[in-house]
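Residue 3 is where the sequence shown starts when you use the numbering used here, and the numbers rise one by one after that. These notes concern the structure reproduced below.
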Amino acid sequence: MKNSCWICGKEYDACLNCNKTNGWKRFTCSEEHYQIHQILSEYREGIINPKEATEMFEHLDIKADTELNLLEAITTDIKAIIAKGTPKSVPKPKSKSVDKDVDNE
């Protein structure tokens with residue numbers, strides 16, 4: 003049976019009767035895409051927060067600047083989650099310098 007990957011849209015041979023070790027074949031074309039599916043599902047269900055999801059994506063080498071060849075909606079969701087889960091760099095306040103009057107007599 004042919005199926006379309008929920009993550010990239012690629013057509014692949016689905017396995018509706020696969021055992022637990024290959025259960026990913028019911029939904030995605032690869033184990034990595036199944037991991038992406040799991041992260042997105044857990045995030046959407048409120049099981050993990052953006053920071054946790056971002057860390058999980060990083061374990062798959064997916065970062066904010068990674069080129070993703072996935073379905074557009076999936077790419078948009080991943081980028082939005084990473085943007086929320088990445089700490090914003092706060093510029094350090096400039097230290098105030100104190101001008102001291104020095105008498106050079």
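Ideal Cβ positions, reconstructed from N, Cα and C, are used throughout, including at glycine.
From the DSSP output, read off the bridge partner residues of residue i.
i	result
Asn5	Tyr14
Can you give me the start and stop residues for the alpha helix (DSSP H) that residue i sits inside?
i	result
Lys81	Glu74 to Gly87
Thr56	Pro52 to His61
Ile49	Run containing Ile49: none; DSSP gives neither H nor E here.
Quick one: what's got a C-beta closer than 7 Å to residue i's C-beta in the same chain, skipping five residues either side?
i	result
Gln37	Leu62
Ile166	Only positions 3 to 107 of the chain appear in this structure, which leaves residue 166 out of reach.
Trp26	Glu33 and Tyr36
Cys10	Cys31, His35, Asn71, Leu72 and Leu73
Residues in its own chain within less than 8 Å of residue i by CB, not counting five upstream and five downstream?
i	result
Pro50	Just to set this straight, residue 50 is Ile in the shown sequence, not Pro. Correct list, in chain order: Ile41, Glu44 and Met58.
Can you name, in chain order, every residue of its own chain whose Cβ lies under 6 Å from the Cβ of residue i, other than the five neighbours on each side?
i	result
Cys20	Lys27
Pro52	Ile83, Lys86 and Gly87
Is there at least one non-hydrogen atom of the ligand FMN closer than 7 Å to the beta-carbon of residue i?
i	result
His39	As for the ligand FMN, it is missing from this structure, which has no ligand bound.
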